[in-house]
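First the structure, in the form of structure tokens, and then the observations on it.
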Amino acid sequence: MSMTRYQRITRVASRALIGVLAIGLVLGLVPAATAAREDATIEPALAAAIALNPKKTYRVIVQAEPSKRDSDRSADRERVGKEIEKDDAGDRGRVRHTLGLINGFAADLTGKRILKLAKTTGVKAISGDHLVKMSADTGTLAISITDTTSTVAVKSMQTLVAQAPSTWSQFGSAGQGVTVAVLDSGIAPNPELDAAFGIDLTTGGTSLSDAGGHGTHVAGIIGGSGSQLGGKYKGASPSARVLSVKVTSDTGAATYSSIIKGLQWVVANRKIQNIRVVNLSVGATASTSYKNDPLAAAVEMTWFSGVVVVASAGNSGSAAGTITVPGNDPFIITVGASNQKNTVDLIDDVIPSWSSRGPTAYDSLQKPDVVAGGNRVISLRSPGSYIETVLGIGRIVDQYYLRLSGTSMAAPVVSGVAAMILSANPSLSPNQVKSIILSTAKPYTNIGVNTQGAGSVDGLAAVQLARSGAAIAPANRGAVPSSVFARSIYTLAYGAPLIWRDSAYQSGAWDSASWDSLLWNSAAWENLCWECINWSSAAWTSVSWESLTGWASGSWGSGSWDSGSWDSGSWDSGSWDSGAWDSGQWDSALLSDEE
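Numbering (this note's numbering) for the sequence shown: 693 to 1287.
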């Protein structure tokens, strides 16, 4: 049998793991031809809803089985798409989007069709296309705009908590040369921002705009120069470039599929646009383990492609298990909020009651990873935006700035710090960036790790370590990728070597491993040193996601994902299903805007 049929790994797991891995491989190498067909997994929450109302139409994400060969990937997935839209006595499903990043589809299906589809060859899993909300305060509490002691006079929280001014003055590191993609409601043109269009997934357009207002505020926390008011309200990394990827409606609603599409765009354009960081100030209530969650898989795909992913923890605190998706994923950086009481000293800081806490639901993982300033943060306005309409004039500081609270505001502080780190040392991997941020954070006393993580992020200490030349041990040792991620990379990894960073991984024991039939949920898979893999040298880069073109035209190409472009057709005629977003809107939780 030709050895070209096998995945070859040039340097492998440490000798200490060889016995365990060998057993796992023996158990995992079940020939595909003899493996019994299993029904697709239906997410438990979705299955429960179908049991109550099988005739209802549900918005779902359908994932295809991993193909044995990369050349089969597109055709195999296309067959699943046809099964979704198959007319079954008038009960026909509809494919809304192809989600190539996770080898699946966003679709509309009745409960009865979902149950039948789960028994179809080629379908691996079906889950809900869940609603995702912004993690900002959009309650109706308002403080009079004349209360200058609590608005205009407030220091810029993001610069205080991150110690950013000291970093700029000592090292000149303010994010130069780094692009941060902001997946949000858009970014309005602003003289304070080095902003670039990405893509507006609600229209297919590419112009800068933000009728929602949330994304502009987030972008200002990352890269605002403060120039409109003498530098008073600078962002954490004012020389970083922010790139708008609009994934929400103007009223702030999004779904798993819209976020995944945005992440696809980032992965495809990461090299052309030099995207090193993604900010996700969004969250959905966890309904299953991250290992079975398609959005968690998408952020992992982005992470392993070389992009740091920073996500908000959510505003559902203070009970345990309130961390939102994708912040519940172990690989990415999850950020909770702190209230610095308008001082640099940590001694008077508190964690707001609304900041979500760990451990994570279903997996009991320690989260958040760190906290940053998220209370009464002043940043850029998009005048007349939806968020200002909801909040009223009480949160408007002046003609340029708006005050908001939430973990939506804390996450971009850390995204700005990550940009400073990568500006100081561009060679760092996402795992190394996370390691630096966690190891230099300042812990609070008498506050649990599932409330504060490693503590308050410190930009100065982080950049000092990044510039020091010291060896940075990668974070995430022992973390296990989601099974959805495993299925998604199966054919991308097939046939090409993975290079191991850790010099201890030198055995050639896997040279004969058959990747055609390896069960990705085997013990061998879970014991791999994922943080050691140099994914930039893996086969998946040959898909040429970064070389895609055609975005300016507002269409998504006519080829397939596998051939170097996106799935055929447009985005449902350029709109999100006539603007209907499952009646979702901005997070309506009433945050206290704590003093």
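Where a beta carbon is used, it is the ideal one built from N, C-alpha and C, also for glycine.
> Hey, would you say residue 1016 sits closer than 8 angstroms to residue 1048, going by beta carbons?
Replying inline: yes
> residue 794 and residue 1180: beta carbons closer than 8 angstroms?
Replying inline: yes
> Whose C-alpha, out of 821, 1155, 937 and 900, is nearest the C-alpha of residue 1129?
Replying inline: 1155
> Between the beta-carbon of residue 999 and the beta-carbon of residue 958, is there less than 8 angstroms?
Replying inline: yes
> So, do the segment 1091-1100 and the segment 1120-1134 have three or more beta carbon pairs nearer to each other than 8 angstroms?
Replying inline: no
> What are the partner residues of residue 755, as DSSP defines its beta bridges?
Replying inline: 796 and 817
>> I'd like the list of long-range same chain contacts for residue 821, defined as Cβ closer than 6 angstroms, with 5 residues on each side in sequence excluded.
In response: 751, 752, 753, 798, 947, 948 and 949
> DSSP on residue 1096, reduced to helix/strand/coil?
Replying inline: strand
> Using the beta-carbon count (16 or more within 10 Å), is residue 926 buried or exposed?
Replying inline: buried
>> If I follow the unbroken beta strand (DSSP E) through residue 790, where does it start and stop?
In response: 786-791
> In three-state DSSP terms, what is residue 768?
Replying inline: helix
> Residue ranges of each beta strand (DSSP E) run of no fewer than 3 residues wholly in the segment 862-917, ordered along the chain?
Replying inline: 871-876 and 886-892
> With burial defined as no fewer than 16 other Cβ atoms inside 10 Å of the residue's Cβ, what is the status of residue 964: buried or exposed?
Replying inline: exposed
> With which residues is residue 802 paired in a DSSP beta bridge?
Replying inline: 749
>> What would DSSP say about residue 1130, mapped onto helix, strand or coil?
In response: helix
>> Between 781, 1079, 1007 and 1089, which has its C-alpha nearest residue 805's C-alpha?
In response: 781
> Going by Cα to Cα distance, which pick from 883, 1043 and 973 is closest to residue 1138?
Replying inline: 1043
> Are the beta-carbon atoms of residue 1171 and residue 1023 separated by less than 8 angstroms?
Replying inline: yes
> Can you tell me the Cα-Cα spacing of residue 1070 and residue 953, whole angstroms?
Replying inline: 30 angstroms
>> I need the straight-line Cα distance from residue 1121 to residue 748, nearest angstrom please.
In response: 45 angstroms
>> Starting from residue 968, trace the beta strand (DSSP E) in both directions and tell me its first and last residue.
In response: 967-972
>> Taking 8 angstroms as the cut-off, does the segment 962-976 touch the segment 1094-1112 (at least 3 CB pairs, one atom from each stretch)?
In response: yes
> Could you check where the beta strand (DSSP E) with residue 1030 kicks off and where it finishes?
Replying inline: 1025-1030
>> Does residue 1065 come out as helix, strand or coil in the three-state DSSP assignment?
In response: strand
> How should residue 885 be labelled, buried or exposed, when 16 other C-beta atoms within 10 angstroms of its C-beta is the threshold for buried?
Replying inline: buried
> Taking buried to mean at least 16 other C-beta atoms within 10 Å of its own C-beta, is residue 852 buried or exposed?
Replying inline: At residue 852, the pLDDT of 46 sits below 50, so the modelled position is not reliable; the number obtained from the coordinates is stated separately. Answer is buried; the Cβ neighbour count reaches 16.
> Would you report the Cα separation of residue 757 and residue 1087, rounded to the nearest angstrom?
Replying inline: 49 angstroms
> Assuming residue 1052 and residue 1013 make a contact with CB atoms under 8 angstroms, what is their CB distance in whole Å?
Replying inline: 7 angstroms
>> Using CA atoms only, rank isn't needed, just tell me which of 935, 1085, 904 and 1142 is closest to residue 943.
In response: 904
> What are the boundary residues of the beta strand (DSSP E) that residue 938 is part of?
Replying inline: 933-938
> To the nearest angstrom, how far is it from the Cα of residue 966 to the Cα of residue 776?
Replying inline: 37 angstroms
> So residue 743 is in the alpha helix (DSSP H); what residue range does that whole segment cover?
Replying inline: 736-744
>> Considering just the uninterrupted stretch of the beta strand (DSSP E) at residue 824, what are its terminal residues?
In response: 823-826
> Taking buried to mean at least 16 other C-beta atoms within 10 Å of its own C-beta, is residue 1097 buried or exposed?
Replying inline: buried
> Residues in its own chain within less than 6 angstroms of residue 866 by CB, not counting five upstream and five downstream?
Replying inline: 860, 929, 930 and 931
> Taking the C-alpha atoms as reference points, what is the distance between residue 1063 and residue 803?
Replying inline: 41 angstroms
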